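Per my numbering, the sequence shown starts with residue 33, numbered consecutively. The beta-carbon is built from N, C-alpha and C at its ideal position, and this holds for glycine as well. None of the values given here were measured: they were computed from a predicted structure. Remarks on the structure that follows.
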Amino acid sequence: EHGEVFFYQCELPYDVTESYGEDGYVAYRVAENVKHHSAYGVGAYAYFRDYKVVAPTAFRTPSSLQDSIYQPFITYLSGTNGSGIASIINGNGTGVIGPGFQLSFLNNACTSEGIGGSRGSRGI
Numbered sequence: 033e034h035g036e037v038f039f040y041q042c043e044l045p046y047d048v049t050e051s052y053g054e055d056g057y058v059a060y061r062v063a064e065n066v067k068h069h070s071a072y073g074v075g076a077y078a079y080f081r082d083y084k085v086v087a088p089t090a091f092r093t094p095s096s097l098q099d100s101i102y103q104p105f106i107t108y109l110s111g112t113n114g115s116g117i118a119s120i121i122n123g124n125g126t127g128v129i130g131p132g133f134q135l136s137f138l139n140n141a142c143t144s145e146g147i148g149g150s151r152g153s154r155g156i
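What follows is the structure in structure tokens.
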């Protein structure tokens with residue numbers, strides 16, 4: 033309760049099987065009973081090298097706290113085609129599914145200008 037995180041980065045495991053996405057693992061989770069929490073500049077990276085893995089979302093929070101997660105982003109680095117992260121937070125925000133480097137933002141003014149092969153999204 034009343035936690036704050038500044039600049040968090042997470043590379044999801046490289047060597048997991050398809051069940052990793054199906055089992056609901058995420059890069060960052062806030063427990064459902066938490067009422068106050070903030071995070072700033074949080075990012076998750078996908079490089080599922082061995083199997084086609086799709087994580088449904090990178091960040092999971094109670095819906096009431098979603099707007100207190102500032103500048104979340106996800107990146108598809110490389111890996112098995114068709115793998116990646118389907119959404120940024122709680123099923124919202126443009127996902128990143130390979131092939132090719134991709135980057136997606138949420139809740140901020142970031143854009144994809146100047147980042148080859150990427151895309152940006154703003155707002156929920």
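What residues in its chain sit with their C-beta under 6 Å from that of Tyr40, if we drop five residues either side in the sequence? Val74
Please state whether DSSP places Ser136 in a helix, a strand or coil. strand
Out of Pro94, Ala63, Pro104, Gln98, state which residue places its alpha-carbon closest to the alpha-carbon of Tyr77. Pro104
Look at Gly121 and Thr93 and say whether their C-beta atoms are less than 8 Å apart. It should be noted that the sequence gives Ile, not Gly, for residue 121. Cβ atoms of Ile121 and Thr93: closer than 8 Å.
Of the listed residues Phe80, Val66, Phe38, Gly114, nearest to Thr49 (C-alpha basis): Phe80
Give the straight-line distance between the Cα atoms of Gly125 and Ser95, rounded to the nearest whole angstrom. 14 Å
So who's on the other strand from Gln103, going by DSSP bridges? In the DSSP output, where bridge partners are listed per residue, Gln103 has none listed.
Gly130, buried or exposed, once every other Cβ within 10 Å from all chains shown has been counted against 16: buried
Per-residue DSSP class, three states only, for Ser110: coil
Give the DSSP-derived three-state secondary structure of Ser115 in the structure shown. coil
Beta strand (DSSP E) containing Gly130: first to last residue? That residue, Gly130, is in no beta strand (DSSP E); it is neither H nor E in DSSP.
Any non-hydrogen atom of the ligand ZN within 7 Å of Val85 CB: Questions concerning the ligand ZN fall outside what the structure shown contains, since it holds no ligand whatsoever.
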